[in-house]
Amino acid sequence: MNPTIPFSAYMSASLYDKQNGYYVNPHRVGTKGDFYTSVSVSKFFGGSIASYILSLLENGDLSLPLHIAEVGADKGHLLGDIALFLDALGDNILQHCAFTTIEPLPPLAQIQKDYFSSLPCSAPLHFATFADFKSYPAPDEPTSLFVIANELFDSFPCEVINNGKILHIVQDSNMWRGIWQDIAQSNQSNLLHDILRHYIDSADIANFTQMSGIIPLWQDFITSLTHCARAYKHSYFLSFDYGDFAPATLKTNPRFYKSHQVENLESFLAQEGNFHTLYQQADITYDVDFILLDRLLRQAGFISVFCTSQAQALIEQMRILELLESFSTQKGFSAYFREIHKIKTLLHTMGERFKSVCYKM
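Residue numbering for the sequence shown follows the working numbering, starting at 46 and increasing by one per position.
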């Protein structure tokens, strides 16, 4: 019998296999890759986060020493931009900061280490990388923690269910087909029931086999993030992602990105597409349901600071336009003109489609 695996297992191995996973290749992400992120667009994305961190320090919401961690850091450029802007904007701040990445893929962890060692800062940078929050060391003194994630939650493995059926992939030699199996007869039934008790009201769990949509497997990450955050005097978690304040529909989710081309799961199944052709060759993503994410973080004990569009967060919370004005004063109009076009992409092209959420503990 040909092996059959749930879609979540296919997605996990396709993206995160330590040898050949899609994300192991650092050239996948960026303007020349299969897709680009806000980090690829402008260094002021990281600069605005640095500005926000400084405002939290000034208001007493965070205190020094400060640990700044990024989850899913790719090459480490966002965290590096934050460090460089903290060095430029802060007064003797950098030497009281420690920078870390949470990176399960060893090749990327090494790239991040090499990148941080090359940054031209006025003080030596304290940098480390850990595979997950479970291996993140507890502080040995009263310390603050600021965690940043960009396009993280849309990359977690997910299950796909549709009217009582769950998507599996049949691995038949080099022809991998998608099939729908009855949830009640699937060995995933008990697992789904356990996941959904965190996700939906208990009164609705009995009817979960009639649901349709995406079930993201976020719970283990949120549990480990919560455990880590509670060990610190003050903790903040800031995240940017593509999605909406509503469940993701199967019309457009999940999606596969390859060479700036996109294909959604529904059309791929209708064409009887071969999942082997996409395996470890395409990014797999879906719209983040921010209502669900908010529910899970609040259940874990986090308190919402803001939940809004990326554009509004960058302008109102992180004051990116004020940061750009100060840059123009120092660097002149031509440099300002180059950056304003990049920032317009952050605020207009990506600004409403992407959301930003911030929580504290």
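A virtual CB, placed ideally from N, CA and C, is assigned to each residue, including glycine. The structure displayed is predicted, hence computed values, not measured ones.
Straight-line gap, Gly258 to Asn207 (C-alpha atoms, nearest Å): Against the sequence shown, residue 258 aligns to sequence position 213. Against the sequence shown, residue 207 aligns to sequence position 162. Using only the alpha carbons, I get a separation of about 6 Å.
Burial state of Phe172, where buried means 16 or more other Cβ atoms lie within 10 Å: As a first step, residue 172 is located in the sequence shown; it is residue number 127 there, counting from the start. Phe172 comes out buried.
Short Cβ contact (7 Å threshold) for Val69 with Pro152: On the sequence shown, position 24 is the one that residue 69 refers to. On the sequence shown, position 107 is the one that residue 152 refers to. The answer is yes: Cβ separation under 7 Å.
Cβ pair count under 8 Å reaching 3, the stretch 131-141 against the stretch 212-227: no
Assigned secondary structure, Met220 (DSSP; H/G/I helix, E/B strand, else coil): Counting from one through the sequence shown, the residue named residue 220 turns up at place 175. Met220: strand per DSSP, three-state reduction.
Own chain residues within Cβ distance below 8 Å of Cys203, not counting five before or after: If you number the sequence shown from 1, residue 203 lands on position 158. Excluding positions up to five away in sequence, the list reads Phe52, Ser53, Met56, Ile259, Ile260, Pro261, Leu262, Pro299, Tyr331.
Beta-carbon separation (whole angstroms), Ala291 vs Ile336, contact threshold 8 Å: Indexing the sequence shown from 1 puts residue 291 at position 246. Indexing the sequence shown from 1 puts residue 336 at position 291. Ala291 to Ile336, Cβ: 7 Å. Contact.
Pick from Phe266, His305, Arg364, Ala327 that is closest to Pro149, judged by C-alpha positions: For the purposes of this step, residue 149 is identified with residue 104 of the sequence shown, where counting begins at 1. Ranking Phe266, His305, Arg364, Ala327 by Cα distance to Pro149 puts Phe266 first.
Glu308 and Leu295 closer than 7 Å at C-beta: Numbered from 1 along the sequence shown, position 263 holds the residue referred to as residue 308. Numbered from 1 along the sequence shown, position 250 holds the residue referred to as residue 295. In this structure, Glu308 keeps its C-beta atom at 7 Å or more from the C-beta atom of Leu295.
Local conformation of Thr49 per DSSP, three classes: As a first step, residue 49 is located in the sequence shown; it is residue number 4 there, counting from the start. Note: Thr49 maps to strand in three-state DSSP.
Pick from Leu139, Gly91, Leu60 that is closest to His122, judged by C-alpha positions: Numbered from its first residue, the sequence shown carries residue 122 at position 77. Per the C-alpha coordinates, the member of Leu139, Gly91, Leu60 positioned closest to His122 is Gly91.
Among Phe89, Gly66, Phe320, nearest to Leu391 - alpha-carbon criterion: By one-based count along the sequence shown, residue 391 stands at place 346. Of the candidates Phe89, Gly66, Phe320, the one whose C-alpha sits nearest the C-alpha of Leu391 is Phe89.
Opposing strand residues paired with Arg300 [DSSP bridges]: Working through the sequence shown from its first residue, we reach residue 300 at position 255. Asn309, Thr330, per the DSSP bridge assignment.
Sub-7 Å separation of Asp286 and Val333 beta-carbons: As a first step, residue 286 is located in the sequence shown; it is residue number 241 there, counting from the start. As a first step, residue 333 is located in the sequence shown; it is residue number 288 there, counting from the start. Yes; because the gap between Cβ atoms is below 7 Å, this pair is in contact.
Which of helix, strand or coil DSSP assigns to Ile98: For the purposes of this step, residue 98 is identified with residue 53 of the sequence shown, where counting begins at 1. Residue state, collapsed to three classes: helix.
Local Cβ density within 10 Å of Ala358, reported as buried at 16 or more and exposed below that: Sequence index remark: in the sequence shown, residue 358 carries index 313 (1-based). So Ala358 counts as buried.
Buried/exposed call for Ile348, threshold 16 Cβ in 10 Å: Walking along the sequence shown from the start, residue 348 turns up at place 303. Burial call: exposed.
Rounded separation between Leu270 and Met406 - CA only: Taking the first residue of the sequence shown as 1, we reach residue 270 at position 225. Taking the first residue of the sequence shown as 1, we reach residue 406 at position 361. The alpha-carbon atoms of Leu270 and Met406 are separated by roughly 11 Å.
Identity of the residue in Glu370, Met363, Ile385, Leu60 nearest Asp199 by Cα: As a position in the sequence shown, residue 199 is number 154, starting the count at 1. Looking at the Cα atoms, Leu60 is the closest of the given residues.
First and last residue of the uninterrupted beta strand (DSSP E) at Cys352: By one-based count along the sequence shown, residue 352 stands at place 307. Run containing Cys352: 348-354, per the beta strand (DSSP E) assignment.
Cβ-Cβ separation, Trp225 to Tyr324 (assumed contact under 8 Å), whole Å: Position 279 of the sequence shown, counted from the start, is the residue given in the question as residue 324. Position 180 of the sequence shown, counted from the start, is the residue given in the question as residue 225. Contact flag wrong, Cβ pair sits at about 20 Å.
Limits of the alpha helix (DSSP H) - the one that Ser269 falls within: Against the sequence shown, residue 269 aligns to sequence position 224. First-last of the alpha helix (DSSP H) with Ser269: 264-274.
Separation of Leu241 from Asn47, as counted between CA atoms: Residue mapping note: residue 47 aligns to position 2 of the sequence shown, counting from 1. Residue mapping note: residue 241 aligns to position 196 of the sequence shown, counting from 1. Asn47 and Leu241: Cα-Cα distance of roughly 29 Å.
Contiguous beta strand (DSSP E) assignments of at least 3 residues, all confined to the stretch 106-172: 111-116, 142-147
Candidates Asp328, Ile113, Asn104, Lys63: closest to Cys273 by CA position: If you number the sequence shown from 1, residue 273 lands on position 228. Ranking Asp328, Ile113, Asn104, Lys63 by Cα distance to Cys273 puts Ile113 first.
Nearest neighbour of Gly288, chosen from Asp239, Asp339, Ala315, Gln326 [CA to CA]: The residue you call residue 288 lines up with position 243 of the sequence shown. Answer by Cα proximity: Asp339.
Collapsed DSSP secondary structure at Pro71 in the structure displayed: As a position in the sequence shown, residue 71 is number 26, starting the count at 1. Looking at Pro71 - three-state DSSP - the assignment turns out to be helix.
Closest residue to Ala95 among Tyr67, Phe201, Ile127 (Cα-Cα distance): As a position in the sequence shown, residue 95 is number 50, starting the count at 1. Selected option, being the one with the closest Cα: Ile127.
From Pro165, Phe161, Ser304, residue whose alpha carbon lies closest to that of Glu115: Taking the first residue of the sequence shown as position 1, residue 115 is located at position 70. The shortest Cα separation from Glu115 among Pro165, Phe161, Ser304 belongs to Phe161.
Reduced DSSP category for Leu391 - H, G, I as helix; E, B as strand; rest coil: Taking the sequence shown and counting its residues from 1, the one referred to as residue 391 is at position 346. If DSSP states are grouped into helix, strand and coil, Leu391 belongs with the helices.
Unbroken beta strand (DSSP E) run spanning Leu295, endpoints: Here the question's residue 295 lines up with position 250 in the sequence shown. No beta strand (DSSP E) contains Leu295, which DSSP labels as neither H nor E.
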